[in-house]
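Asks: Quick one: structure below, then a few questions.
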Amino acid sequence: MACSSFVKLNAAASSWIGGHQSVNSRSGSAPRFSNRRVSVVRAGSYTDELVKTAKSIASPGHGILAIDESNATCGKRLASIGLDNTETNRQAYRQLLLTTPGLGDYISGAILFEETLYQSTTDGKKFVDCLRDENIVPGIKVDKGLVPLPGSNNESWCQGLDGLASRSAEYYKQGARFAKWRTVVSIPCGPSALAVKEAAWGLARYAAISQDNGLVPIVEPEILLDGDHPIERTLEVAEKVWAEVFYYLAENNVVFEGILLKPSMVTPGAEHKQKASPETIANHTLTMLRRRVPPAVPGIMFLSGGQSEVEATLNLNAMNQSPNPWHVSFSYARALQNSVLKAWQGRPENVEAAQKALLVRAKANSLAQLGKYSAEGENEEAKKGMFVKGYTY
Ligand code: 13P
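Be aware that the sequence shown starts at 25, since it is given in this note's numbering, and climbs by one per residue.
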């Protein structure tokens, strides 16, 4: 792309980006900026559309349904209700979810796995069209999963940059308008400076490539719940990780108005002796976000990370008790699907009940996005935690 396509975006984004670069800080001399063009963001042919897409996903009372489990992980979900991991069963499950009448009242985006993006209902209607009919933006998981990171403390890095531009262009043609890349950071493993830098750089490269191909990137450095550390330690690591992520996003000329974030909530480690209240979690999480995330970013769409359905909803609700600079919402997989699977059990006669269960969870989180949720009447199943050590996606 030619340098002449550089444009000034807005004061918030540009001063933030400019803050990293080219300040002459020699003692005794006044700060001086080099004549490099620092307060600019590269505008691509999709910029307006990206900003519009991100805004429409981050709309009041709405969040994201994440059903982008890889075939292996979807197999684990199906196994939990005694079903084999066949394409037919995966398709039946995704059909149940994506054809739920009224889903668009609460859900503005759905993250799909590649197989699902190209699938149709048993009646031949493309899943992408089912979503469009409900005003839900189709999204796609584009990372290729985690592998060991040599030279680190048993940590991992996320693959998928090779060929990403051409894959993204194909996904756009198929109807996807946003993307997701999930990498992880482990607190008990350190995290090492190498692992954090690799996670941040990979996310930034992916974000730039996605935007270049018309997909709004969801930026997801998941800080795993694993560990027995207190909440303060999670806050410290989250601040470090997000600082690096934004540094590299800026270096890669990513348009902040055209991204969405998918952070973990700041909680104590899953094995810490003391549980934290929703208010404590909300306080720590919002503190971290206010310190690290520019207001140019339209939406914060949390992952659930192994919290119970009710916990994830209560925590989100606590974060929306006063106005935030960004839309603060959900992009849950486990915390939206657990009750659905239990209700379905793989039986066609249970599809309606399972769809009702999905609507119950979606509505609860929609209310939490608006700060109006109460856990009254929630059933015991929805209160069960789903944490799995070293969870893979
Ligand atoms: P949960 O942690 O909510 O299960 O989902 C994580 C994720 O990245 C789904 O896209």
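All residues carry an ideal CB built from backbone N, CA and C; glycine is no exception. All figures in this text were calculated on a predicted structure; none of them were measured in a lab.
1. How big is the Cα-Cα spacing for residue 180 and residue 173?
2. Can you name the residues that DSSP bridges to residue 356?
3. For residue 351, write down the residues that DSSP places opposite it in a beta bridge.
4. What is the rounded straight-line gap between the Cα of residue 302 and the Cα of residue 219?
5. Could you check which residue in 290, 335, 393 has the C-alpha nearest to that of residue 352?
6. Run the Cβ filter for me: residues under 7 Å from any heavy atom of the ligand 13P, listed in the order they occur in the chain.
7. Residue 372 by DSSP, collapsed to three states: which one?
8. Can you tell me which of 235, 344, 279 puts its alpha carbon nearest to the alpha carbon of residue 396?
9. Along the chain, where does the beta strand (DSSP E) that runs through residue 180 open and close?
10. With which residues is residue 166 paired in a DSSP beta bridge?
11. Are the segment 369-382 and the segment 314-331 touching by the rule of at least three beta carbon pairs closer than 8 Å?
12. Excluding the five sequence neighbours on either side, which residues of its own chain have a C-beta within less than 6 Å of the C-beta of residue 178, listed in chain order?
13. Who are the near neighbours of residue 221 in its chain, counting only those whose CB is closer than 7 Å to its CB and skipping five residues on each side?
14. Just how far apart, CA to CA, sit residue 150 and residue 133?
15. According to DSSP, simplified to helix, strand and coil, what is residue 17?
16. Please say whether residue 211 and residue 261 have beta carbons closer to each other than 8 Å?
17. So residue 246 is in the beta strand (DSSP E); what residue range does that whole segment cover?
18. Out of 203, 250, 100, which one is the CA nearest neighbour of residue 240?
19. Only counting the same chain, and skipping five residues up and downstream in sequence, which positions put a Cβ closer than 6 Å to that of residue 113?
20. Can residue 166 and residue 80 be called in contact, C-beta distance under 8 Å?
21. Given a threshold of 16 other Cβ atoms within 10 Å of its Cβ, counted over all protein chains shown, does residue 355 qualify as buried or as exposed?
22. With H, G and I counted as helix, E and B as strand and the rest as coil, what does DSSP make of residue 302?
23. Count Cβ pairs between the segment 244-260 and the segment 186-203 that sit closer than 8 Å; are there 3 or more?
24. Can you tell me whether residue 50 is helix, strand or coil according to DSSP?
25. Measure the beta-carbon distance from residue 409 to residue 78 and round it to whole angstroms, keeping in mind my assumption that it falls under 8 Å.
26. State whether the segment 230-246 contacts the segment 289-296, with contact taken as three or more CB pairs (one from each stretch) at a distance under 8 Å.
27. Since I believe residue 263 is in contact with residue 206 (beta carbons under 8 Å), could you give me their beta-carbon distance rounded to a whole number of angstroms?
28. Quick check: what's the CA-CA separation for residue 249 versus residue 413?
Replies: This is what the structure gives:
1. Numbered from its first residue, the sequence shown carries residue 180 at position 156. Numbered from its first residue, the sequence shown carries residue 173 at position 149. Computed Cα separation, rounded: 5 Å.
2. Working through the sequence shown from its first residue, we reach residue 356 at position 332. Answer by DSSP bridge pairing, in chain order: 89.
3. Within the sequence shown, the letter at position 327 stands for residue 351. Residue 351 is bridged to 323.
4. Numbered from its first residue, the sequence shown carries residue 302 at position 278. Numbered from its first residue, the sequence shown carries residue 219 at position 195. Cα to Cα, residue 302 sits roughly 29 Å from residue 219.
5. Start at 1 with the first residue of the sequence shown, and residue 352 comes out as number 328. It is 393.
6. 90, 92, 135, 165, 204, 206, 244, 246, 286, 327, 328, 329, 330, 355, 356, 357, 358, 359, 417
7. As a working note, residue 372 is residue 348 in the sequence shown. Three-state result, residue 372: helix.
8. Here residue 396 refers to the residue found at position 372 of the sequence shown. Comparing Cα positions, the closest option is 344.
9. Sequence index remark: in the sequence shown, residue 180 carries index 156 (1-based). 180-182 is the span of the beta strand (DSSP E), which, as asked, contains residue 180.
10. As a first step, residue 166 is located in the sequence shown; it is residue number 142 there, counting from the start. The beta-bridge partner set that DSSP reports for residue 166 is empty.
11. no
12. Locating residue 178 in the sequence shown gives position 154, counting from the first residue. For residue 178, where only same-chain residues beyond five positions count, the Cβ hits under 6 Å are 213.
13. As a working note, residue 221 is residue 197 in the sequence shown. These residues qualify, in order along the chain: 268.
14. The residue given as residue 150 occupies position 126 in the sequence shown. The residue given as residue 133 occupies position 109 in the sequence shown. Cα to Cα, the separation comes out at about 16 Å.
15. Outside the shown range of the chain, which is 25 to 417, sits residue 17, and nothing can be said about it.
16. If you number the sequence shown from 1, residue 261 lands on position 237. If you number the sequence shown from 1, residue 211 lands on position 187. Cβ distance < 8 Å, so residue 261 and residue 211 count as in contact.
17. For the purposes of this step, residue 246 is taken as residue 222 along the sequence shown, with counting starting at 1. Start and end: 240-247.
18. The residue you call residue 240 lines up with position 216 of the sequence shown. Closest by alpha carbon: 203.
19. Counted from its first residue, the sequence shown places residue 113 at position 89. Cβ neighbours of residue 113 beyond the five flanking positions: 102, 107.
20. Stepping through the sequence shown from its first residue, residue 166 is reached at position 142. Stepping through the sequence shown from its first residue, residue 80 is reached at position 56. At least 8 Å separates the beta-carbon of residue 166 from that of residue 80.
21. Walking along the sequence shown from the start, residue 355 turns up at place 331. Buried, since its Cβ has 16 or more Cβ neighbours within 10 Å.
22. Here the question's residue 302 lines up with position 278 in the sequence shown. Looking at residue 302 - three-state DSSP - the assignment turns out to be helix.
23. no
24. Here the question's residue 50 lines up with position 26 in the sequence shown. Low local confidence applies: a pLDDT of 36 at residue 50 is under 50, so the model's placement there is unreliable, with the coordinate-based value given in what follows. Residue 50: coil per DSSP, three-state reduction.
25. Along the sequence shown, read from residue 1 onward, the residue named residue 409 stands at position 385. Along the sequence shown, read from residue 1 onward, the residue named residue 78 stands at position 54. That belief does not hold up - the Cβ atoms of residue 409 and residue 78 are roughly 31 Å apart, past 8 Å.
26. no
27. In the sequence shown, counting from the first residue as 1, residue 206 sits at position 182. In the sequence shown, counting from the first residue as 1, residue 263 sits at position 239. Incorrect: roughly 20 Å between the Cβ atoms, too far for contact.
28. Residue mapping note: residue 249 aligns to position 225 of the sequence shown, counting from 1. Residue mapping note: residue 413 aligns to position 389 of the sequence shown, counting from 1. Roughly 8 Å separates the two Cα atoms.
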